[in-house]
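Student:
Numbering (the working numbering), first residue to last: 40 to 137.
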(Lines of atoms letter the chains of each structure in order from A and count residues from 1; the text may use other names and numbers.)
(Lines give C-alpha, C1' and ligand atoms only; values in the text may rest on other atoms or scores of the structure.)
Protein backbone atom coordinates (compact mmCIF):
# COMPACT_ATOMS: atom_id res chain seq x y z
CA UNK A 1 0.00 0.00 0.00
CA UNK A 2 1.33 3.43 -0.93
CA UNK A 3 1.76 6.03 1.74
CA UNK A 4 -0.10 9.37 1.66
CA UNK A 5 2.83 11.29 0.18
CA UNK A 6 3.19 8.96 -2.79
CA UNK A 7 -0.53 9.08 -3.55
CA UNK A 8 -0.57 12.87 -3.31
CA UNK A 9 2.55 13.36 -5.42
CA UNK A 10 1.32 11.17 -8.24
CA UNK A 11 -2.07 12.81 -8.61
CA UNK A 12 -1.36 16.53 -9.11
CA UNK A 13 -2.10 18.93 -11.88
CA UNK A 14 -1.44 19.05 -15.60
CA UNK A 15 2.27 18.35 -15.48
CA UNK A 16 3.21 14.80 -14.76
CA UNK A 17 4.79 14.07 -11.40
CA UNK A 18 7.79 12.54 -13.21
CA UNK A 19 8.46 15.86 -14.94
CA UNK A 20 7.99 17.85 -11.72
CA UNK A 21 10.45 15.59 -9.90
CA UNK A 22 13.03 16.05 -12.65
CA UNK A 23 12.63 19.83 -12.44
CA UNK A 24 13.08 19.77 -8.66
CA UNK A 25 16.21 17.64 -9.03
CA UNK A 26 17.64 20.10 -11.57
CA UNK A 27 16.99 23.06 -9.28
CA UNK A 28 18.62 21.18 -6.37
CA UNK A 29 21.75 20.15 -8.28
CA UNK A 30 23.88 22.88 -6.76
CA UNK A 31 21.76 23.24 -3.63
CA UNK A 32 18.61 25.30 -3.15
CA UNK A 33 16.31 26.59 -0.44
CA UNK A 34 12.71 25.38 -0.27
CA UNK A 35 11.27 28.74 -1.39
CA UNK A 36 13.64 28.87 -4.37
CA UNK A 37 12.58 25.37 -5.44
CA UNK A 38 8.92 26.25 -4.92
CA UNK A 39 9.09 29.31 -7.20
CA UNK A 40 11.25 27.67 -9.88
CA UNK A 41 8.87 24.71 -10.07
CA UNK A 42 5.70 26.80 -9.80
CA UNK A 43 4.32 24.78 -6.87
CA UNK A 44 2.57 25.92 -3.71
CA UNK A 45 3.91 25.40 -0.19
CA UNK A 46 1.92 22.23 0.51
CA UNK A 47 2.91 20.66 -2.81
CA UNK A 48 6.62 21.42 -2.48
CA UNK A 49 6.67 20.06 1.07
CA UNK A 50 5.13 16.79 -0.09
CA UNK A 51 7.48 16.50 -3.08
CA UNK A 52 10.56 17.23 -0.94
CA UNK A 53 9.49 14.68 1.65
CA UNK A 54 8.86 12.10 -1.09
CA UNK A 55 12.26 12.78 -2.71
CA UNK A 56 14.10 12.63 0.61
CA UNK A 57 12.35 9.40 1.57
CA UNK A 58 13.48 7.87 -1.73
CA UNK A 59 17.03 9.26 -1.42
CA UNK A 60 16.82 11.41 -4.53
CA UNK A 61 17.63 14.56 -2.56
CA UNK A 62 19.26 15.28 0.78
CA UNK A 63 18.82 18.23 3.09
CA UNK A 64 21.48 19.95 5.13
CA UNK A 65 22.05 23.24 6.89
CA UNK A 66 25.05 25.45 6.24
CA UNK A 67 24.94 26.76 9.81
CA UNK A 68 24.27 24.56 12.86
CA UNK A 69 22.10 27.31 14.37
CA UNK A 70 19.98 27.80 11.24
CA UNK A 71 16.66 26.10 10.56
CA UNK A 72 16.91 26.84 6.83
CA UNK A 73 17.56 23.60 4.98
CA UNK A 74 19.43 23.45 1.73
CA UNK A 75 18.30 20.65 -0.57
CA UNK A 76 20.75 18.91 -2.90
CA UNK A 77 20.26 16.25 -5.53
CA UNK A 78 22.01 13.06 -4.43
CA UNK A 79 24.93 12.06 -6.64
CA UNK A 80 23.77 8.48 -6.95
CA UNK A 81 19.99 8.08 -7.24
CA UNK A 82 19.09 11.70 -7.91
CA UNK A 83 21.47 12.08 -10.84
CA UNK A 84 20.53 8.64 -12.20
CA UNK A 85 16.88 9.70 -12.21
CA UNK A 86 17.76 12.87 -14.12
CA UNK A 87 19.80 10.95 -16.69
CA UNK A 88 17.04 8.37 -17.19
CA UNK A 89 14.42 11.11 -17.54
CA UNK A 90 16.49 12.90 -20.20
CA UNK A 91 16.97 9.66 -22.16
CA UNK A 92 13.23 8.97 -22.11
CA UNK A 93 12.37 12.55 -23.03
CA UNK A 94 14.73 12.30 -26.02
CA UNK A 95 12.99 9.12 -27.19
CA UNK A 96 9.56 10.72 -27.10
CA UNK A 97 10.68 13.87 -28.94
CA UNK A 98 11.30 11.84 -32.13
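Every residue, glycine too, gets a C-beta built ideally from N, C-alpha and C.
Only a predicted model underlies this, so the values are computations on that prediction, with no experimental measurement involved.
Classify residue 108: buried if its beta carbon has 16 or more other beta carbons within 10 angstroms, exposed otherwise.
Tutor: Label assigned to residue 108: exposed.
Student: By DSSP, does residue 91 sit in helix, in strand, or in coil?
Tutor: Here residue 91 sits in helix by DSSP.
Student: Cβ of residue 116 within 9 angstroms of Cβ of residue 68?
Tutor: Contact: yes.
Student: Three or more C-beta pairs under 8 angstroms: does that hold for the stretch 129 to 137 against the stretch 94 to 103?
Tutor: No, they do not touch.
Student: DSSP on residue 116, reduced to helix/strand/coil?
Tutor: DSSP places residue 116 in strand when its eight states are reduced to three.
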